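Residue numbers (mature numbering (1 follows the signal peptide of the UniProt record, and there is no 0)): -18 to -1, 1 to 128.
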Amino acid sequence: MKAAILILFVAFAHISFAQDTIVVRKDSRLETLTAKQASTNKLAGKMTSNGLYRGFRLQVLNTRSREQAFQVKTELLRRFPEEKTYLLYQSPYFKVRIGNFLERADAEEFRQMVMKQYPQGVFVIDDAIEYRPGAATSEETEPDSQ
């Protein structure tokens, strides 16, 4: 009995070594899944400990006058309603900032538009920004309704 099992084992081992080609069938959805995970990892690398992302904002004003800061913030809200504005107080200065940009190039592009209204100096600064990854990616992945 042991000899028969040994002979069968050797025969199957010999047959399995005779097969020198392996065919791997890759699921077509694997590339899509890999690209999606890579973009998620890229965004996760920019996330800070408090749930915000590392990005850029435009600093439009740095003043000691609270009234002037509120006036500029109101003007920015009126002229650029699609962008969020921020009023920060870092003693003794009030700072007015606008926008949430992941890339510096996007901030520079928006800076050119803001500079037309505020030529005294608009600066791109590094800041923790509010960003919702689902909002941008859901628009890109929705199929066309035709």
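Glycine included, every Cβ here is placed at the ideal spot set by N, Cα and C.
Bear in mind the structure is a predicted one, so any value in this text is a computation, not a measurement.
Checklist entry - Taking DSSP as the reference, what is the three-state secondary structure of D88? => result Residue state for D88 is assigned as helix, using DSSP reduced to three classes.
Item to check | Contact check, F83 vs I111, beta carbons under 8 Å | outcome: Cβ atoms of F83 and I111: closer than 8 Å.
Checklist entry - F62 by DSSP, collapsed to three states: which one? => result coil
Checklist entry - Should the stretch 11 to 18 be called in touch with the stretch 83 to 103, which here means at least 3 C-beta pairs below 8 Å? => result By the Cβ criterion, the stretch 11 to 18 is not in contact with the stretch 83 to 103, since fewer than three pairs of Cβ atoms, one from each stretch, lie closer than 8 Å.
Checklist entry - How would you call P125, buried or exposed, if buried means at least 16 neighbouring beta carbons within 10 angstroms? => result Caution is warranted here: a pLDDT of 43 is assigned to P125, below 50, making its placement in the model unreliable, and the coordinate value is therefore given only provisionally. So P125 ends up on the exposed side.
Checklist entry - How long is the line joining the alpha carbons of Q72 and T45, rounded to whole angstroms? => result When rounded, the distance between both Cα atoms is 10 Å.
Item to check | Assumed close pair G81, E57 - CB separation to whole angstroms, cut-off 8 Å | outcome: Between E57 and G81 the Cβ distance is about 15 Å, and since that is not below 8 Å, they are no contact.
Checklist entry - From A(-8) to V5, what does the alpha carbon distance come to, in whole angstroms? => result 23 Å
Item to check | Beta-carbon proximity check, Q50 vs R79, cutoff 8 Å | outcome: no
Checklist entry - When DSSP labels each residue in this structure, what does K98 get in the three-state scheme? => result helix
Item to check | Whole-Å CB distance - T67 paired with K55, under 8 Å assumed | outcome: Taking C-beta atoms under 8 Å as the contact rule, T67 and K55 qualify, at a distance of about 5 Å.
Checklist entry - Mind checking R93: buried by the 16 CB within 10 Å criterion, or exposed? => result When all chains shown are included, R93 counts as buried.
Checklist entry - From what residue to what residue does the beta strand (DSSP E) around K8 run? => result Unbroken run through K8: none, as it is neither H nor E.
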